[in-house]
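Numbering (the numbering used here), first residue to last: 96 to 385. To start, the structure under review is shown below, and the notes come after it.
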Amino acid sequence: MTLYRFASGKNTSTEIKNASIEDRKMIIDTHAHIGKVDKFNMPEEILIESMNKYNIDYCLVSNIEGIEFDNDQKPIPVELQRSQKEINKAAINFAKDYPTRIGVLLWAKTSTEGCTKEFENMIISNRGVVYGIKFHPYHANTPFDSLKVEEYIKLAEKYDLTVVVHTAASSESSPREVYNMAIKHPGINFVMVHMGLGTDNEEAIELISKLPNLYGDTTWVKPKNSLKMIKKCGIDKLLLGTDSPIDGVDTYANQFYQTYFNNFKNVLSPEDYSKLMYKNAVRLFKLPVE
Ligand SMILES: [Zn+2]
């Protein structure tokens with residue numbers, strides 16, 4: 096399966112095969128979601144609609160319904176939770192409906208379920224659409240640098256998947272925890288999404304600069320901080336991410352993201368801009384793009 100720019104609808108995998116390389120410049124959002132739980136409401140149709148509206152070619156999605164604790168870290172009642180298998184199956188089915196637009200990061204329910212044979216089987220049976228494992232240490236109330244997480248990391252190693260981690264100011268989500276895990280597992284690539292949400296990003300940038308297998312994404316990161324990051328860590332270390340459609344169909348209209356899409360064309364060289372918009376994502380997640 097190969098991705099082509101402007102593949103518009105369901106199951107359209109072979110459009111514009113003969114477009115020139117120039118025409119095939121893409122935008123890949125490595126941090127998007129689906130799912131409805133607690134205060135989150137991100138229907139699949141809204142994500143697709145927003146991708147079409149803002150010319151986003153491809154998204155890596157994780158299902159937010161994997162959260163086990165709410166915003167105040169109160170446990171989500173069991174009757175309101177769906178199983179690790181169900182939520183990831185929903186994301187996989189979505190990707191199978193839109194094979195040229197959507198890939199999956201499996202959500203790890205580290206607190207209430209853990210790494211099971213069933214989870215491994217989901218990876219094995221869906222190699223064509225699964226590109227990584229997503230951890231949310233805050234909404235799982237599980238420190239990233241813990242044994243529960245370690246078991247999933249072994250699977251990432253076994254199946255050559257990228258590990259994507261929510262990082263923030265809170266202790267269990269601290270960039271330092273991801274750094275510790277990345278030192279222990281030099282064969283796996285780790286992405287600190289948000290580069291420390293609610294911080295000045297300095298700690299995350301410092302840590303990313305120290306290890307070859309640590310990356311950052313732009314989700315809610317001020318563009319000026321991303322420029323600092325690029326300067327210190329190199330353009331190859333930064334991925335485009337947005338949390339779309341967390342603020343609805345127009346999440347991409349946010350001033351931060353518009354700055355990345357538009358102003359960065361003038362700030363970065365064409366090659367570096369392409370790396371941020373899609374080339375780094377293709378390389379890191381081994382996406383099937385020509
Ligand atoms: Zn997110």
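C-beta atoms are modelled at their ideal positions from N, C-alpha and C, and glycine is treated no differently. Since we're looking at a predicted model, the values are computed, not measured.
Is residue i near residue j, with beta carbons less than 7 Å apart?
{"i": "Leu200", "j": "Val259", "result": "yes"}
{"i": "Ala203", "j": "Tyr247", "result": "yes"}
{"i": "Leu250", "j": "Pro270", "result": "no"}
{"i": "Ile208", "j": "Pro232", "result": "Just to set this straight, residue 208 is Glu in the shown sequence, not Ile. No, these two residues do not count as a Cβ contact at 7 Å."}
{"i": "Thr257", "j": "Leu334", "result": "no"}
{"i": "His261", "j": "Phe164", "result": "no"}
{"i": "Asn168", "j": "Asn236", "result": "Note on identity: in this sequence residue 168 is Gln, with Asn being the wrong assignment. Yes; because the gap between Cβ atoms is below 7 Å, this pair is in contact."}
{"i": "Tyr153", "j": "Arg196", "result": "yes"}
{"i": "Gly293", "j": "Ala299", "result": "no"}
{"i": "Ile325", "j": "Lys370", "result": "no"}
{"i": "Val224", "j": "Ile218", "result": "no"}
{"i": "Val244", "j": "Thr205", "result": "yes"}
{"i": "Asp338", "j": "Thr314", "result": "yes"}
{"i": "Ser304", "j": "Cys328", "result": "yes"}
From the DSSP output, in three-state form, read off residue i for me.
{"i": "Asn349", "result": "coil"}
{"i": "Ile116", "result": "With a pLDDT of only 42 at Ile116, under the threshold of 50, the placement of this residue in the model should not be trusted; the figure read from the coordinates follows. Three-state result, Ile116: coil."}
{"i": "Gly291", "result": "strand"}
{"i": "Lys417", "result": "Absent from the structure is residue 417, since the part of the chain shown begins at 96 and ends at 385."}
{"i": "Tyr310", "result": "strand"}
{"i": "Pro172", "result": "coil"}
{"i": "Val362", "result": "helix"}
{"i": "Val316", "result": "coil"}
{"i": "Tyr153", "result": "strand"}
{"i": "Thr337", "result": "coil"}
{"i": "Gly161", "result": "helix"}
{"i": "Met146", "result": "helix"}
{"i": "Glu298", "result": "helix"}
{"i": "Val286", "result": "strand"}
{"i": "Phe135", "result": "strand"}
{"i": "Asp342", "result": "coil"}
{"i": "Met192", "result": "For the record, residue 192 in the displayed sequence is Asp; it is not Met. Residue state, collapsed to three classes: helix."}
{"i": "Asp367", "result": "helix"}
{"i": "Asp167", "result": "coil"}
{"i": "Ile129", "result": "strand"}
{"i": "Ala376", "result": "helix"}
{"i": "Ile278", "result": "helix"}
{"i": "Ile325", "result": "helix"}
{"i": "Ile85", "result": "Not covered by the structure: residue 85. The range shown for the chain is 96 to 385."}
{"i": "Ser178", "result": "coil"}
{"i": "Ile187", "result": "helix"}
May I ask whether a heavy atom of ligand 1 can be found less than 6 Å away from the beta carbon of residue i?
{"i": "Leu342", "result": "Residue 342 is actually Asp in this sequence, not Leu. No, since every heavy atom of ligand 1 falls outside the 6 Å radius drawn around the Cβ of Asp342."}
{"i": "Asp389", "result": "The displayed coordinates of the chain run from 96 to 385. Any statement about residue 389 would go beyond what the structure contains."}
Kindly indicate if chain B contains any beta-carbon less than 7 Å away from that of residue i.
{"i": "Ile325", "result": "Of the protein chains in the structure, only one exists, and it is not chain B."}
Exercise. Between the region 182-189 and the region 145-163, are three or more C-beta pairs nearer than 8 Å?
Worked result: yes
Problem set entry | Any alpha helix (DSSP H) of 4 or more consecutive residues that is wholly inside the region 195-271 | 212-220 and 242-254
Exercise. Is the region 281-297 close to the region 305-324, with three or more CB pairs under 8 Å?
Worked result: yes
For this session: Determine contact between the region 121-129 and the region 363-377, defined as no fewer than three beta-carbon pairs at a distance below 8 Å.
Result: yes
Exercise. At a cut of 8 Å, does the region 235-242 reach the region 272-282 through at least three beta carbon pairs?
Worked result: yes
For this session: Inspect the CB distances between the region 331-350 and the region 131-150 and report whether three or more fall short of 8 Å.
Result: yes
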